Every structure is written in structure tokens, then in C-alpha cells.
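S.K.: Each number in our numbering corresponds to the 1-based position in the sequence shown with 82 added.
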Amino acid sequence: MNEFVAFVISGLVTGAIYALLASGLVLAYSASGVLNFAHGATAFLSALTFYELHEGLGWPAVPAALATVFVFAPALGLLLDRVMFRRLAALGEIPQIVATIGLLVALPALGLWIVKLLTDAGVDLAPAENQFGLPGVGPSPAKHWKLMHGVGIDSDQLITWIVTAVVAIALWILMRHTPLGLRLRASVDSRTLTELRGVSADRLSGIAWMISSGLAGAVGVLAVPMLSLSSVDYTLFLFVSAAAAVLGRFKSVPIAFGGGLLLGVVQNLVAGYAPSWTEKITGFRTSVPFVLLFVGLLVLSRSKRSAGTAAVDAPPPDYLAGMPPLRRWAPWIAAWLFAAVSLYTWTTAFWIGLIAQGLAAALVFLSFTVVTGLGGMVSLAQATFVTASALTAGLLMSHGVSFFLALVVGTLVAVVLGVVVALPALRLSGRMLALATLALAFLGDQVLFQMRWFRNGDAGWAVPRPVIGPVDLNDDRALGLALLVIVAAVVVLVRNLENSASGRAMLAVRSAPPAAMASGVSIVRTKLALFAISAGIAGFGGVFWASFNTRITAGEFTAMNGLVWLAIVVAAGIRRPQFAVVAGLTFGLFPHVMEEYVTSSPHVPVILFGLAGLALAGNPEGWCVQMAEAGHTLRARIGGGGKPSVPKPRVAVAEQPEEPAAANEHDADVLLRLRGIRAGYGDVEVLHGVDLDVRAGSILALLGANGAGKSTTCAVAAGLVVPTSGTVELAGQGGVMRDITRLSAVRRSRDGVLLAPEGRGIFPSLTIDENLTMWLRSADERARVYERFPGLAARRKVPAGSLSGGEQQQLAIAPLLVRPPRVLIADEPSLGLAPLVVEEIFRFVVELRDMGVALLLVEEKASEILTVADEVAFMSVGRVSWRGPRAEVDEARLTAAYLGIETADRERTDRTAAAVRDEVTPA
């Protein structure tokens, strides 16, 4: 019993660290949608700050801790949110993952570099690297108390428990009993709907990042006695705590917090009570958290299926499209010839070795082009394939097997491992897949590569360079030339794969899996092939990389190395194989160029590599693409004498059949006016000059076929989509129209322009009362809602997501009846509702009109909406084809609008039919 209690107590200490990290991870992710891989690096930087304030500058421990947790860490979180995370939230998952990995690399190096600069400048700071046994917040040395025989605690553990308990209570109060917590939870449900309620999601994101970084700062301070100053240890703790975040599905802070505590206890109990046979598996007990992370991801996370999606990360423009192949590849062929000649002419032995190393790295980096660039899946296990292949080759060569046979077998081992790692991809995608592959990579480091027969101890295996006839690859020049040929061959193979039928199938699976499946593409086979090919390339390159070093050890290429590699390749450009070669050469040459010509500090190249990942927030396609775009712009300016125009996709737009009546600019009833609105998504223009007037106390029904642009018109009016041209105006005091085109949805909501989006405008995880609070701050106002809707009053503590569709729509409209907006834009408010419920919804709409609200309604049920509408506008192909009073709507015009027939076409058809009738009718 005493032993059990001892395991639980020590496990709760580790679990407290996991709980704080997991809570911060979930809080930041739920508010911004960015999974922060650098959360552990923030904890390390906070630990470094606390250490230097306490040990270097001589501050007392408590003030140093308070300054770190409540000033430094939140300020860092706010800065990162403003500079990086807000822009990342609008990008795809790959740039998000890689940018935060870049931050993971850059932050620790930046902290250590700043300490070195301050020390060199004469500031009395303590040595920051390789420091162990450091004091924490409590007494030093720590005080110990004996609880029972064999069970004791020390002051550091006690402080950790107290701080964790206080944080747990504070988080509970914040999230459940404050307006800020309510808004944070609302933004988790729907960031867009939160903004439509007049709450700035960007401001919430900044607050969430400040709290998240503050929790990381608390971890940094509390874990100093346990982890000392090791950025790797803090990062490993983060990835372990990710298992607790997965338990909370990256949404629930309380569950993640409790999961962290449980994880620490389970880890200790497994280590203490695991069966004896587990002792034969080296590293099994320390790998338990990664097993739990992997299993948790498979069980609790699942890719959402959809009817069809479009790729959100379209490939960069190919400015050389249409050119002959020789001209397209001429610069790369010239660069290849230059490198080949330089190896045997002016290049010194030192730089030849660096070039050869960079080419070996390029072989490995090409594997990322396949799995991530072509397949759109983030694999963080590439270093595992490299190590497994190289160790296999070294093991075989130690038994007399030739280099080339060992190379083949090592590559096949990597392929097999790639298929195993691909299995989670059949169920997971995006961030969850990245975490799953990382968990498997850590399992490889902790278990597979710790087997003595496989790793050969700390010495590893010798991987001698081969001799091919008269060519001895022990000469760096010969090895460099051979690698140039091999890299060029792999680049050509990858390009051929991209252009083949298999490559098109891979792109289809990346862009729209359901559509690919409907076209007969096997998603399972395609994903397995992507991982197998990628792993094979990584393993193949790993053997040559080990051959360059002439030896391979189990710790040479760890999972953490794989994170850095991915950041470097994506920062250069993940879509095209030639950019992976540039990334490899940069990886091999850049640190030594910096050391030779810029600075001898080892931290600066690491910082710059990390910042390259951060640059993805500005250009997610990488710096090679950015340079190509700049070159294209320069050539166009030189050739055309001006700034090049970016080609827009051509959109077929029928001529507008009827010229709408000129709006009365002095119409006092108009509250919202749209003039000449052109808008779309990316390069695709959806609206082509939309004009609308929405009047006070009037209902304007917007009708048209699917794809006519009705929802986009609503989004422009509400501020969710910024038009490329045209104006949106809102009546101010005295009826004077003011331009609100550039105002955000938050500002428009506060000015009285409210969008009820398509579907249900509620927050599913919030209770009925909390949903009402998001619009009605006053308890008296909510009481008026409950008085009118007793059904809602009886269930006020019930989550809104458990209500029926009609009850949810009632909940969405009820607060507007108490505090009506000036303008209500409703996008299909009757969607999916029963006829009786639809009648009730339209009664509410009429009531709002009678209150003087200006209503713009988009509806599919034309017969119902025409019974209450005052004015009607028909849309077709992004234009308003007709508008006028409801009384002038005829059946033919309505049919034409819903069938997507242009009015002019309908009139021509009618005239033709009349002429035919005249010809065949007897006189």
C-alpha cells in the first residue's frame, strides 16, 4: 500500500505539469484553431527567464516567478498572437504545423543567444546551458516531509500541487462564471457566430494566447528543479501532455486538466507495476505516454467526412506553364552542371564535404515532397525511416553483406515501416495525423532503436562507403558527384509520379476524398502508396547519409530532427522536388556560411531556420516560390514596362436583362444599401455588380437558384466577405448613409447589422441561458424571453445542441424579439424545419418587421416567403436580374429565377414560341 501511495504522489507531480501544459494547449487551440507545437518551447523560455532573474540577477524566487508567469509569458503569448497566430488561423493545417515547429526551434535558441549577448555586454547573468539540479520557487535545498513509511514529499512537490490546485480553481471560475469565459467557450463552438454577436474573435484569441502562455510560464517555473534547463525535455513533456489534450478532444479544458493528472499517475503505476516481461523491452515504461497518445488519437479523433470539399491549399502558380520542357528545366540543368564542375575545380575539400552532406539530406527531404507536398499529409516520422534503414544497412554490412544489397534491404525495411505508420492515416488527417506519426516516431526512438542487437550500443554500426569499379566513393568529390546524379534521378522520378495517373489519383485524394472515391480511386491504396514511397525515399537517402558519415548511431537522427527537417523543407517549398534539393543544400551549407562569414554563434543559424518556418505565415508556399514570383514580376515589368496583371479566371456572365430602376438616394427608409458589389473567394468572382436596398420596416426576399450568389451577398452585407469593389452603406443619424464597406462583422453587429447564418445560429455546447446571454447581457431582458417562451425557460440549463431543429431556431430568434437589431440578414431561416415550425418562424419575421427592423431574407421556400415579403429580388449568376414589389412577381419570372434561366433568355424563348404559334395557327 505504501508503495502504491508513493507512486500516486510522485505521479501527481508529473501529472500536474502535464495538466497545466494540456490546459494551455487546449485553450489556445480552441480559441484560434492553431495547435501550438511550440508550447513546450514557451515553457523552456519562461524557465530560462526565471532562472536568470533568480540566479543571474539575484531576484528573490517568488518575485522572479511572478514576473515570469504574469508578465513575461503573457506578453510573449500576446506578441506571438499579433505577429503570427492570427494570420496562421486563416491558413491550412500544413503551414500552421510547420510555423509552430519553426517557433519550437527558434525560441530556445533565441533565448540562449540573448543570454550570451547580454553576458558578452557585461550583464551579470548565470551560465544558461547544461545546468542541472537548479533551485525552484521553494527553499533550496528543498525541505522533505515523511508522510508514512517509504512515502514522503518535498517542498517543490508541495508547491507544484498548490499551484496546480489554484490554477484549476481559477480556470473553472474563469470559464464557467465570467463573461470572458462564456465568450471563450462560444468561440470554441463557432468563431464566426461569435463575431456576428459583436464579440471580437481576434481579441479573444489574444487573451487565450496570453492565458495559455501564462500556463506554460507556470510549467517552466515549477519544472526547473525537475527538468533543469533542457528545451528537449520541455518539448517532450508537451507531446506527452498532448495525450491529455486529446482526451479533452482539444475543446474541454477541465477534461484535459484531469487527463493530465491521470496521465502522470498511470505513467508511474505502469512503470512500477508492469509485468516482469516488459523489462525485456528496453524503453517500454518511458514510452507509455506515447502509447496512450497514439491510442487516444485513434479512439477519440476521427476525420470528418463530407460530401465533397475543395483543396484549401491550391498549388502555387506555374509561371513556366506552356514552355517547352527543355526551357523549363534549363536553369536547374545549368545549376546541376555548375555543381558538378565545381566539385572537381575550385571547391575546397571542406566545402565539398558540406555539399555532399547537403545532397544526402536532399534525398531525405524529397520524401516530404511526396507525402506532404503531393499527398497533403504531415508525417513527423521521416527521421524514424532514416534511422531504421541506416541501422539495418549497418547491421547487414557488419555481417559481410555488400553495400548495395544492404541499401536495398534497408530501403525495404523503411517501406514496411512506412506502411505501418500509414495505418493511422486511414482514420486520421491533419493535425491529429501529425501527432499520431510523431507518437510512433517517439516509440521508435524509445523502444525500437533501443534494442541492443539493432543499435549495437552507443557505438552504432560502421557504414563504409562503397567502391564501384574504378570509382571510390571514399573520395568526397566522387561521392558528391554520385549524389548529384542520384538526386537528379529521384527528382525526375518524383516529377513523373506527379504527372502520372497515380499522381493525379493522389492529388484527388488530397483535394476531395469522397469525390475521389466516387471516381473509383482507392483511398486506402493511395494513402498506403504515398507513405510507402515516401518512406522508401527517406530510407534510401538515410543509408547514403549514414555512408557519408561512415557510421550510424541510434541517436543520430531522432524524432526531433524530423521536426526540424520538415520546417526547413516547407519553408523552402514543399510542392516541388527541386525545392527540396535547395532545402537540403541550405541545411548542409547555411550553418557553416553563417559561422564563416557572419557569426560564430551556433544559435543564430537555428534561429534563422526557425524564422524560415515562421515566414510561412506571410507566404505559405515557401521562400523559393516567393523568389519565383518576384522574378516573374521583375521580368514582366522589364518586358511590359509596368506591374504585371494577375490573370483572373474567366466567369461566364449573362448580360443583365433589365436595368434596375435607379435608387432614390434620398430615400429615408433605406437602412442598408449595396452598390456595385463585386466579391468572391480567392480569384473566383461570385458577385458581379450587385445593387440592393433594404428598407426599415420592410422585408426584402432574395430568391434564386443554388449558386446564384445569395449567401455571398449576405456575407458581404454582414462583413464576413470584403468586396473587391462597390460599397456597403448603413444609415446613420438623421438618415445620412455612411460607408461601412471596410468595417468588420464585429463592428457591423455592434452597429445593428446582424446576420442569422444558414443553419442554426446557436452555440451547441452552451446552455440555453448562455446562448441568450451572448446577445442579451441583462437578466431582465432574458426574463422577458423566458416569459414569452416558457419551453425555453423550463430547459434553460440544457445545452442548446440537444434541442430539436425548431427549438434551436426559436432560440436563435427569441433574443432578437426582445432587443431587435436595426438590420436582420437571415440566410434560409426555415432550412430543414417542419411546416408548422416554418409558419412560426415567419410570424416572428413579420413581428420584427412591425418593430421597424429592415429584413433581408434568403429563402428556398418561395411560396412561404412571398406571403410575407414586401419586395422581391431575383439573383442569377451573381447579378440581381430583377427586383420590385411582391405584387409584380409572376409565375414565369419565379420559375426562371429558380431554374437559373436569365430573363433575357426567357423572353427570347417566349418570343420564339409565340412566332411559331403564329405560323402554325390557321388564318
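A virtual CB, placed ideally from N, CA and C, is assigned to each residue, including glycine. Model, not experiment: these values are computed from the prediction.
1. Have a look at L374, L189, L522, L264 and flag the residue whose alpha-carbon is nearest the alpha-carbon of A465.
2. Does the segment 370-381 come close enough to the segment 317-329 to have 3 or more Cβ pairs within less than 8 Å?
3. May I have a chain-ordered list of the alpha helix (DSSP H) segments no shorter than 4 residues that lie completely inside the segment 408-477?
4. Select from L782, P552, I895 the residue whose C-alpha is nearest the C-alpha of F956.
5. With a cut-off of 8 Å, do at least 3 Cβ pairs link the segment 496-515 to the segment 630-650?
6. What is the C-beta distance between A37 and S128, in whole angstroms, given that I count them as a contact (C-beta under 8 Å)?
7. Apart from the five residues on each side of it in sequence, which residues of its chain come closer than 8 Å, Cβ to Cβ, to L478?
8. Given a cut-off of 8 Å, decide if V900 and E941 are closer than it, judged by their beta-carbon atoms.
9. A614: buried (16+ other C-beta within 10 angstroms of its C-beta) or exposed?
10. Taking all protein chains shown into account, decide if I251 is buried (16 or more other Cβ within 10 angstroms of its Cβ) or exposed.
11. Express the C-alpha separation of L379 and D557 in angstroms, rounding to a whole number.
12. Please check the pair L286 and A98, which I expect to be a contact at CB under 8 Å, by giving their CB distance rounded to whole angstroms.
13. Starting from the N-terminal side, write out each stretch of the beta strand (DSSP E) that is 3 residues or longer and does not extend beyond the segment 198-251.
14. CA-CA distance, L266 and V752?
15. With DSSP run on the structure shown, which of helix, strand or coil describes L812?
16. Express the C-alpha separation of S461 and G440 in angstroms, rounding to a whole number.
17. Apply the 10 Å Cβ neighbour rule to G341 and answer buried if 16 or more other Cβ atoms are within range, or exposed otherwise.
18. To the nearest angstrom, how far is it from the Cα of T96 to the Cα of L473?
19. Measure the alpha-carbon distance for G512 versus V116 and round it to whole angstroms.
20. Please classify W857: does DSSP put it in a helix, a strand, or coil?
21. I'd like to know whether the C-beta atoms of L494 and A470 end up nearer to each other than 8 Å.
22. Kindly indicate which three-state DSSP category I907 falls into: helix, strand or coil?
23. The beta strand (DSSP E) with P967 in it runs from where to where?
24. Contact between the segment 610-630 and the segment 440-453: three or more CB pairs below 8 Å?
25. By Cβ distance below 8 Å, which residues in the same chain neighbour G816 in space, the five residues on each side in sequence not counted?
26. So H770 is in the beta strand (DSSP E); what residue range does that whole segment cover?
27. Excluding sequence positions up to five away, which residues of its chain have a Cβ less than 6 Å from the Cβ of V249?
28. Just how far apart, CA to CA, sit K730 and V108?
29. Let me make sure I understand the geometry here. Which of R961, V591, A191 has the alpha-carbon closest to that of G692?
30. For Y133, is the classification buried or exposed, using 16 other Cβ atoms within 10 angstroms of its Cβ as the cut-off for buried?
31. Where does L487 sit, in a helix, a strand or coil, going by DSSP?
32. What number of angstroms, rounded off, separates the C-alpha of F339 from the C-alpha of A88?
33. Tell me whether L189 is buried or exposed, calling it buried when 16 or more other Cβ atoms sit within 10 Å of its Cβ.
34. Any idea if R409 is buried or exposed, counting beta-carbon neighbours within 10 angstroms, 16 or more meaning buried?
35. D851: buried (16+ other C-beta within 10 angstroms of its C-beta) or exposed?
36. Run through the segment 796-840 for me and flag every whole beta strand (DSSP E) of 3 or more residues, listed as ranges in chain order.
M.R.: Concretely, from the data shown:
1. The count along the sequence shown starts at 1 and reaches residue 465 at position 383. Closest option to A465, Cα to Cα, is L522.
2. yes
3. 431-450
4. The residue you call residue 956 lines up with position 874 of the sequence shown. Closest by alpha carbon: L782.
5. no
6. Here the chain covers residues 83 to 1005 and nothing more, so residue 37 does not appear.
7. By one-based count along the sequence shown, residue 478 stands at place 396. Closer than 8 Å at the Cβ level, and outside the excluded window around L478, lie L487, A488, V491, G492.
8. Position 859 of the sequence shown holds residue 941. Position 818 of the sequence shown holds residue 900. Not closer than 8 Å, so no.
9. Taking the first residue of the sequence shown as 1, we reach residue 614 at position 532. A614 is buried by the Cβ-count criterion.
10. Taking the sequence shown and counting its residues from 1, one reaches residue 251 at position 169. Classification of I251: exposed, given that the 10 Å Cβ count is below 16.
11. Walking along the sequence shown from the start, residue 557 turns up at place 475. Walking along the sequence shown from the start, residue 379 turns up at place 297. Whole-angstrom Cα-Cα distance: 47 Å.
12. Position 204 of the sequence shown holds residue 286. Position 16 of the sequence shown holds residue 98. That belief does not hold up - the Cβ atoms of L286 and A98 are roughly 27 Å apart, past 8 Å.
13. 226-230, 233-236
14. Walking along the sequence shown from the start, residue 266 turns up at place 184. Walking along the sequence shown from the start, residue 752 turns up at place 670. Rounded to the nearest angstrom, the two C-alpha atoms are 36 Å apart.
15. If you number the sequence shown from 1, residue 812 lands on position 730. In the structure shown, L812 sits in a strand (DSSP, three-state: E or B).
16. Taking the sequence shown and counting its residues from 1, one reaches residue 440 at position 358. Taking the sequence shown and counting its residues from 1, one reaches residue 461 at position 379. Those two C-alpha atoms are separated by around 21 Å.
17. As a first step, residue 341 must be located in the sequence shown, where it is residue number 259. So G341 counts as buried.
18. The residue labelled residue 96 in the question sits at position 14 within the sequence shown. The residue labelled residue 473 in the question sits at position 391 within the sequence shown. One C-alpha to the other measures close to 34 Å.
19. Counted from its first residue, the sequence shown places residue 512 at position 430. Counted from its first residue, the sequence shown places residue 116 at position 34. The alpha-carbon atoms of G512 and V116 are separated by roughly 11 Å.
20. In the sequence shown, the residue the question calls residue 857 occupies position 775. Coil, per DSSP.
21. Position 412 of the sequence shown, counting from 1, holds the residue named residue 494. Position 388 of the sequence shown, counting from 1, holds the residue named residue 470. Their beta carbons are not under 8 Å apart, which means L494 does not touch A470 by this criterion.
22. Within the sequence shown, residue 907 is the residue found at index 825, counting from 1. In the structure shown, I907 sits in a strand (DSSP, three-state: E or B).
23. Position 885 of the sequence shown, counted from the first residue, corresponds to residue 967. Where P967 is concerned, the enclosing beta strand (DSSP E) stretches over 961-967.
24. yes
25. On the sequence shown, residue 816 is found 734 positions in, with the first residue counted as 1. Result list for G816: empty, nothing under 8 Å.
26. The sequence position of residue 770 within the sequence shown is 688, counting from 1. Taken as a continuous stretch (DSSP letters only), the beta strand (DSSP E) holding H770 covers 766-777.
27. To locate residue 249, count along the sequence shown from 1; it is residue 167. Counting only Cβ-Cβ distances below 6 Å, and skipping sequence neighbours, we find nothing.
28. For the purposes of this step, residue 730 is identified with residue 648 of the sequence shown, where counting begins at 1. For the purposes of this step, residue 108 is identified with residue 26 of the sequence shown, where counting begins at 1. Low local confidence applies: a pLDDT of 43 at K730 is under 50, so the model's placement there is unreliable, and no value is given.
29. Along the sequence shown, read from residue 1 onward, the residue named residue 692 stands at position 610. It is A191 whose Cα lies nearest to the Cα of G692.
30. Translated into positions along the sequence shown, residue 133 becomes position 51. The residue in question, Y133, is buried, as its Cβ has 16 or more Cβ neighbours within 10 Å.
31. Taking the sequence shown and counting its residues from 1, the one referred to as residue 487 is at position 405. In the structure shown, L487 sits in a helix (DSSP, three-state: H, G or I).
32. As a working mapping, residue 339 is identified with position 257 in the sequence shown. As a working mapping, residue 88 is identified with position 6 in the sequence shown. Taking the straight line joining both Cα atoms gives about 22 Å.
33. By 1-based counting over the sequence shown, the position of residue 189 is 107. Per the 10 Å Cβ criterion, buried.
34. Stepping through the sequence shown from its first residue, residue 409 is reached at position 327. Burial call: exposed.
35. Position 769 of the sequence shown, counted from the start, is the residue given in the question as residue 851. D851 comes out buried.
36. 807-813, 819-821, 835-838
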